[in-house]
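Below you'll find the structure, written out as structure tokens, and then a few comments.
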Amino acid sequence: MNNTAPAHYRDQQAWRDLQQFLPERLRLTDDTEPEEEFWNWRGHRVHLDRYPNPDANAKVVLHHGVGTNGRQMTLILGAPLAQRGFETVALDNLGYGLTQVKPGATPSYDDWVDLVVDFLAYEQSRDDRPIVLSGLSAGGMLTYHVAAKAPRGALRGIVGMTFLDQRNQQVRDESSHDLLTARLGAPFMGLAAGTPAGRPKYPMSLAGKISALTNNPDAMKVFMADRSSAANWVSVRFLDRYLNYAPVVEPADFDACPVLLTQPVEDRWSPTT
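The working numbering numbers the first residue of the sequence shown as 281 and each following residue consecutively.
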């Protein structure tokens with residue numbers, strides 16, 4: 281998160297500019313914005329968008345990708361699902377949105393997974409309603425990584441807009457910024473990640489195919505001006521672990537909960553096979 285960013289989305293303009301490209305039914309007003317909370321995790325201050333509903337039969341936890349944030353998840357899923365009677369909560373994971381990273385920390389993708397595993401336990405300590413974890417883009421694979429690591433029964437199901445296993449070369453080739461980055465950048469990051477060279481940050485827009493976040497060029501301009509989402513920079517260490525993370529349980533052996541793929545027909549971000 282940019283140190284000059286506001287503490288709350290109510291004071292941020294970027295998402296308000298972005299929602300003008302959405303149909304009116306998906307736009308938030310002062311009366312329909314979610315409650316904003318903070319959850320302390322290992323010295324980090326994690327931002328949450330929540331629509332509380334003690335009468336809901338289930339909760340849906342929403343997770344962004346590597347070019348989006350929790351408020352954008354609220355726009356497209358959190359608010360609509362809340363209107364249909366679910367309790368929803370959208371996370372800003374470390375380095376994204378309005379979450380405040382502990383000073384001096386260099387989070388990795390492993391920390392992302394651990395944070396969500398612990399957040400599920402936190403939610404279960406509040407009540408015992410079933411939880412579904414839904415992820416956008418790279419957040420889709422994160423839902424799987426979390427489900428594979430969390431205690432059995434922590435999730436009733438996972439929903440992914442894509443499931444990008446970056447260990448697969450085809451996935452790297454098609455979701456990276458360019459083929460050179462996919463083929464040469466990843467090995468270099470592997471060499472640098474465990475050294476002081478793993479701490480410097482790199483624009484996510486030069487690492488991944490962030491230009492395919494939306495098919496609307498004007499909306500893309502808004503995305504690319506937002507340091508809390510598409511214009512974010514992440515550490516070399518984060519990128520290396522994102523590309524090489526191995527789940528606790530491989531997909532062929534996974535049976536912890538149902539899995540639903542919701543990839544859009546006109547998605548240009550990732551391969552379908």
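Even glycine gets a Cβ: it sits at the ideal position worked out from N, Cα and C. Predicted, not measured: the structure shown is a model, and the values here were computed from it.
Beyond the five residues adjoining it in sequence on each side, Q292 comes within less than 6 Å, by CB distance, of P286 in the same chain, given in chain order.
Residue range 324-331 is occupied by the beta strand (DSSP E) that includes Y331, with no alpha helix (DSSP H) assigned at that position. With respect to L444, S455 sits close: the two C-beta atoms are nearer than 8 Å.
In this structure F468 is exposed. Its beta-carbon is surrounded by fewer than 16 other beta-carbon atoms within 10 angstroms. Between the alpha carbons of D408 and D535 lies a gap of roughly 21 Å. Under the three-pair Cβ rule at 8 Å, the region 408-428 counts as touching the region 517-536.
Annotated three-state conformation of E454 is helix, per DSSP. Collapsing the DSSP output to three states places H425 in a helix.
If you look at K382, you'll find it isn't in any alpha helix (DSSP H); DSSP assigns it neither H nor E.
Pairwise C-beta distances place the region 381-394 out of contact with the region 496-503, as fewer than three of them are shorter than 8 Å. L357 and Y402 have their C-alpha atoms some 22 Å from each other. Between Y522 and Y389, the C-beta gap is smaller than 8 Å, which places the two residues in contact.
DSSP, read as helix, strand or coil, puts N373 in coil. Each of H327, E367, L378, G377 was checked against the Cα of N337, and the nearest Cα belongs to E367.
For P497, the enclosing alpha helix (DSSP H) begins and ends at 497-503.
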